[in-house]
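Only one structure is covered here, and it is reproduced in the block below.
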Amino acid sequence: MVQAETIVHFYYDLESEDDYNNKISHYLSGLKGTLQTEETISIGTPFENGNGLSVRVVAKLKVSMDERPSCKHLDDYVSFIFPTVKRNILGELISTQNLYLTYARKPKPVKKKVNWEELYQHWND
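So the sequence shown is numbered by our numbering: it starts at 283 and just counts up by one.
Shown next as C-alpha coordinates:
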(Lines of atoms letter the chains of each structure in order from A and count residues from 1; the text may use other names and numbers.)
(Lines give C-alpha, C1' and ligand atoms only; values in the text may rest on other atoms or scores of the structure.)
Protein backbone atom coordinates (compact mmCIF):
# COMPACT_ATOMS: atom_id res chain seq x y z
CA MET A 1 0.00 0.00 0.00
CA VAL A 2 1.25 3.48 -0.86
CA GLN A 3 0.01 6.58 0.94
CA ALA A 4 0.29 10.10 -0.40
CA GLU A 5 -0.47 13.35 1.35
CA THR A 6 -1.78 15.96 -1.05
CA ILE A 7 -3.52 19.33 -1.06
CA VAL A 8 -6.65 19.09 -3.20
CA HIS A 9 -8.45 21.97 -4.94
CA PHE A 10 -11.95 21.14 -6.21
CA TYR A 11 -15.38 22.61 -6.91
CA TYR A 12 -18.21 21.22 -4.79
CA ASP A 13 -21.74 21.55 -6.21
CA LEU A 14 -24.40 22.93 -3.87
CA GLU A 15 -28.18 22.74 -3.90
CA SER A 16 -28.53 25.95 -1.87
CA GLU A 17 -26.43 28.45 0.07
CA ASP A 18 -28.01 27.39 3.37
CA ASP A 19 -25.39 26.12 5.82
CA TYR A 20 -22.97 25.17 3.02
CA ASN A 21 -19.90 25.27 5.31
CA ASN A 22 -21.31 22.52 7.53
CA LYS A 23 -22.42 20.42 4.53
CA ILE A 24 -18.94 20.51 3.03
CA SER A 25 -17.22 19.91 6.38
CA HIS A 26 -19.54 16.94 6.98
CA TYR A 27 -18.75 15.55 3.51
CA LEU A 28 -14.99 15.90 4.04
CA SER A 29 -15.06 14.36 7.51
CA GLY A 30 -17.07 11.43 6.13
CA LEU A 31 -14.41 10.42 3.61
CA LYS A 32 -13.18 6.91 4.43
CA GLY A 33 -11.20 4.25 2.62
CA THR A 34 -9.12 5.53 -0.29
CA LEU A 35 -9.39 9.20 0.74
CA GLN A 36 -9.14 10.53 4.28
CA THR A 37 -9.32 14.19 5.25
CA GLU A 38 -6.37 15.50 7.25
CA GLU A 39 -7.40 19.16 7.30
CA THR A 40 -9.89 21.52 5.65
CA ILE A 41 -7.80 24.47 4.51
CA SER A 42 -10.48 26.73 3.01
CA ILE A 43 -14.06 26.80 1.79
CA GLY A 44 -14.79 29.66 -0.61
CA THR A 45 -18.00 31.59 -1.11
CA PRO A 46 -20.70 30.10 -3.36
CA PHE A 47 -20.88 31.30 -6.95
CA GLU A 48 -23.24 30.67 -9.84
CA ASN A 49 -21.97 28.43 -12.64
CA GLY A 50 -23.85 27.07 -15.66
CA ASN A 51 -25.40 24.19 -13.70
CA GLY A 52 -26.19 25.86 -10.38
CA LEU A 53 -24.18 26.83 -7.31
CA SER A 54 -20.61 25.74 -6.66
CA VAL A 55 -17.97 26.50 -4.08
CA ARG A 56 -14.20 26.09 -4.25
CA VAL A 57 -12.77 23.84 -1.54
CA VAL A 58 -9.13 23.33 -0.55
CA ALA A 59 -8.30 20.41 1.75
CA LYS A 60 -5.34 18.28 2.76
CA LEU A 61 -6.09 14.60 2.07
CA LYS A 62 -4.34 11.30 2.63
CA VAL A 63 -4.68 9.07 -0.46
CA SER A 64 -4.21 5.29 -0.21
CA MET A 65 -3.30 3.33 -3.34
CA ASP A 66 -2.46 -0.30 -3.98
CA GLU A 67 1.10 -1.08 -5.01
CA ARG A 68 1.60 -1.76 -8.71
CA PRO A 69 4.19 -4.06 -10.26
CA SER A 70 4.94 -1.44 -12.93
CA CYS A 71 6.04 1.10 -10.29
CA LYS A 72 9.60 0.43 -9.16
CA HIS A 73 10.11 3.58 -7.08
CA LEU A 74 7.91 5.73 -4.89
CA ASP A 75 8.10 8.61 -7.39
CA ASP A 76 6.38 6.42 -9.99
CA TYR A 77 3.11 6.72 -8.04
CA VAL A 78 2.89 10.52 -8.44
CA SER A 79 1.01 10.16 -11.74
CA PHE A 80 -1.67 8.00 -10.07
CA ILE A 81 -2.66 10.47 -7.34
CA PHE A 82 -4.76 12.85 -9.47
CA PRO A 83 -6.84 10.07 -11.13
CA THR A 84 -7.36 8.32 -7.78
CA VAL A 85 -8.66 11.51 -6.15
CA LYS A 86 -10.80 12.37 -9.20
CA ARG A 87 -12.43 8.92 -9.09
CA ASN A 88 -13.26 9.12 -5.38
CA ILE A 89 -14.33 12.73 -4.77
CA LEU A 90 -17.62 14.49 -5.44
CA GLY A 91 -17.34 17.58 -7.57
CA GLU A 92 -14.90 18.78 -10.18
CA LEU A 93 -11.23 18.29 -9.29
CA ILE A 94 -9.02 21.24 -10.22
CA SER A 95 -5.58 20.21 -8.99
CA THR A 96 -3.53 18.23 -6.50
CA GLN A 97 -0.32 19.42 -4.84
CA ASN A 98 1.56 16.35 -3.67
CA LEU A 99 3.42 16.80 -0.39
CA TYR A 100 4.96 13.36 0.12
CA LEU A 101 4.54 9.64 -0.53
CA THR A 102 5.30 6.69 1.76
CA TYR A 103 4.98 2.93 1.72
CA ALA A 104 2.42 1.69 4.26
CA ARG A 105 3.39 -1.95 4.47
CA LYS A 106 2.45 -4.27 7.28
CA PRO A 107 5.44 -5.67 9.16
CA LYS A 108 6.29 -9.26 8.35
CA PRO A 109 5.33 -11.73 11.07
CA VAL A 110 8.22 -12.85 13.25
CA LYS A 111 9.05 -16.52 12.84
CA LYS A 112 9.16 -18.50 16.02
CA LYS A 113 12.53 -20.15 16.61
CA VAL A 114 12.45 -23.90 17.04
CA ASN A 115 14.08 -25.36 20.12
CA TRP A 116 15.43 -28.59 18.65
CA GLU A 117 16.58 -30.04 21.98
CA GLU A 118 13.12 -29.63 23.45
CA LEU A 119 11.54 -31.28 20.41
CA TYR A 120 14.01 -34.14 20.55
CA GLN A 121 13.25 -34.73 24.24
CA HIS A 122 9.51 -34.55 23.58
CA TRP A 123 9.55 -37.16 20.82
CA ASN A 124 11.96 -39.53 22.53
CA ASP A 125 10.22 -39.74 25.91
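All C-beta atoms in this analysis are idealised placements derived from N, C-alpha and C, irrespective of residue type, glycine included.
{"Query": "Might you give, ordered along the chain, the residues of its own chain that have their beta carbon closer than 6 Å to the beta carbon of glutamate 287, omitting 5 neighbours on each side?", "Result": "Lys344, Leu381 and Tyr382"}
{"Query": "Based on the DSSP output, what are the partners of glutamine 285 in its beta bridges?", "Result": "Ser346 and Thr384"}
{"Query": "Determine the direct distance from the alpha carbon of tyrosine 402 to that of tyrosine 385, and round the result to whole angstroms.", "Result": "43 Å"}
{"Query": "Where does the unbroken alpha helix (DSSP H) through lysine 320 begin, and where does it stop?", "Result": "A small fix is needed here, since residue 320 is glutamate in this sequence, not lysine. Glutamate 320 -> not in any alpha helix (DSSP H); beta strand (DSSP E) instead, spanning 317-325."}
{"Query": "Is it a yes or a no for the region 356-365 touching the region 325-342, going by three-plus beta-carbon pairs under 8 Å?", "Result": "no"}
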